[in-house]
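*Asks:* Under this note's numbering, the residue at position 187 of the sequence shown is numbered 200, and the numbers go up by one with no gaps. Where is the CB? At the ideal position from N, CA and C, for every residue including glycine.
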Amino acid sequence: MKKILLLLAAATFVVSCNKLADNEFEITGKVDPSLNGKNVILEKMGGPAGYLPVDTVKVEDGKFLFKGTVTEPSLHFVQIEGTQGKAEIVLENGGIELDVDKDSIFKTKQGGTYNNEKLYDYYTDINKIRRKMMSFQKKNQAEMMTAYQSNDTVAMNRINKEYEIITKEMEGKSNSFIKDNPKAFISVLLVKQMFQLNKPVEDIKKHYDALDAEVKKTKEGKEVAEMLKKATEQKANKGNATVGSLAPD
Numbered sequence: 014m015k016k017i018l019l020l021l022a023a024a025t026f027v028v029s030c031n032k033l034a035d036n037e038f039e040i041t042g043k044v045d046p047s048l049n050g051k052n053v054i055l056e057k058m059g060g061p062a063g064y065l066p067v068d069t070v071k072v073e074d075g076k077f078l079f080k081g082t083v084t085e086p087s088l089h090f091v092q093i094e095g096t097q098g099k100a101e102i103v104l105e106n107g108g109i110e111l112d113v114d115k116d117s118i119f120k121t122k123q124g125g126t127y128n129n130e131k132l133y134d135y136y137t138d139i140n141k142i143r144r145k146m147m148s149f150q151k152k153n154q155a156e157m158m159t160a161y162q163s164n165d166t167v168a169m170n171r172i173n174k175e176y177e178i179i180t181k182e183m184e185g186k187s188n189s190f191i192k193d194n195p196k197a198f199i200s201v202l203l204v205k206q207m208f209q210l211n212k213p214v215e216d217i218k219k220h221y222d223a224l225d226a227e228v229k230k231t232k233e234g235k236e237v238a239e240m241l242k243k244a245t246e247q248k249a250n251k252g253n254a255t256v257g258s259l260a261p262d
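(1) Report, in whole angstroms, the separation of the C-beta atoms of Phe198 and Val228, which I expect to be a contact under 8 angstroms.
(2) Would you kindly check if the distance between the Cβ of Val201 and the Cβ of Glu233 is under 8 angstroms?
(3) Just curious, the alpha helix (DSSP H) that Gln206 is in, first and last residue?
(4) How many whole angstroms separate the CB atoms of Ala168 and Glu182, which I take to be in contact at a CB cut-off of 8 angstroms?
(5) How big is the Cα-Cα spacing for Phe264 and Ala249?
(6) Within the same chain, show all residues whose beta-carbon is closer than 7 angstroms to that of Val28, passing over the 5 residues directly before and after it, in chain order.
(7) Roughly how many angstroms lie between the CA atoms of Glu73 and Asn49, to the nearest whole one?
(8) Looking at the structure shown, is Ser87 part of a helix, part of a strand, or coil, going by DSSP?
(9) Can you tell me whether Lys251 is buried or exposed, with buried defined as 16 or more other CB within 10 angstroms of its CB?
(10) Whose C-alpha, out of Lys230, Val237 and Ser163, is nearest the C-alpha of Gln209?
(11) Thinking C-alpha only, which one of Ile142, Arg143 and Gln123 is nearest Asp134?
(12) What does Phe38 pair with, by DSSP beta-bridge criteria?
(13) Three-state secondary structure (DSSP) at Ser258?
(14) Out of Gln247, Glu94 and Thr41, state which residue places its alpha-carbon closest to the alpha-carbon of Val53.
(15) Rounded to whole angstroms, what is the Cα-Cα separation between Phe149 and Ile142?
(16) Would DSSP call Gln247 helix, strand or coil?
(17) May I have the straight-line CA-CA distance separating Ala223 from Gln247, to the nearest angstrom?
(18) Among the candidates Asp112, Asn164 and Glu56, whose CA atom is the shortest distance from the CA of Gly125?
(19) For Lys57 and Val67, which I take to be in contact (beta-carbon distance under 8 angstroms), what is that distance rounded to the nearest angstrom?
(20) Which residues mark the beginning and the end of the beta strand (DSSP E) in which Asn153 is found?
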């Protein structure tokens, strides 16, 4: 009986140790053992180079571990010494899991928490379209160059229209993701990206309004709200100026 009680107590202790507080995160990563001893850098956006280091650990036995606290979801990056590129993650409360491909860090599998699973789902679909784009570019590069040099506008327009079909497919996939995943943090990042793509303010607002309230409360969500406010005001002022210019003296 004592043995059973001791086992139960031990199990309870392990569970309590593994449970993270509401503001804690833990990133566990798996990599190829050939990277043992290499630095793994957790970064956030900022600084002159675009990225700021947050923490650094080393790979041991093909694994690495970050621990810390976080107040809300935010986009972070993981870079491993000796590899090219950075793996994206959503830093948030909970146990985040990364399975890193040393030959292509972009193939990293994110998981463990809701937003990282959604991030992986999104990139799984988008990367299929990206491969299609790269294949198209490689296949048509020589023909496009020849058409440009000979000023063959018919050929250039045809190739551009075919390429535009693929870009619209990617845009449609992002729009569908936002619509189907209003609670995902990456959705607000995609809405924010629409400003860079010069999408109509009405379209951006429609997508933003459909987001979950908790997503809107994040730093990124508040920034999008402010950007929408300014864009709407600018559009209204521009419209008023146009109306005024048409008014009779």
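*Replies:* Taking the definition as stated:
(1) 6 angstroms
(2) yes
(3) Phe198 to Gln209
(4) Actually they are not in contact, since the Cβ atoms of Ala168 and Glu182 sit about 22 angstroms apart, beyond 8 angstroms.
(5) The requested residue 264 does not occur in the structure, where the chain is confined to residues 14 to 262.
(6) Only weak support is given to the placement of Val28: the predicted model assigns it a pLDDT of 41, under 50, and the value that follows is read from those uncertain coordinates. Answer for Val28: no residue qualifies.
(7) 5 angstroms
(8) strand
(9) exposed
(10) Val237
(11) Gln123
(12) Gly81 and Gly107
(13) Low confidence applies here, because Ser258 scores a pLDDT of 46, under 50, leaving its location unreliable; read the following figure in that light. Three-state result, Ser258: helix.
(14) Glu94
(15) 10 angstroms
(16) helix
(17) 23 angstroms
(18) Asp112
(19) 5 angstroms
(20) Run containing Asn153: none in the beta strand (DSSP E); it sits in the alpha helix (DSSP H), Tyr127 to Gln162.
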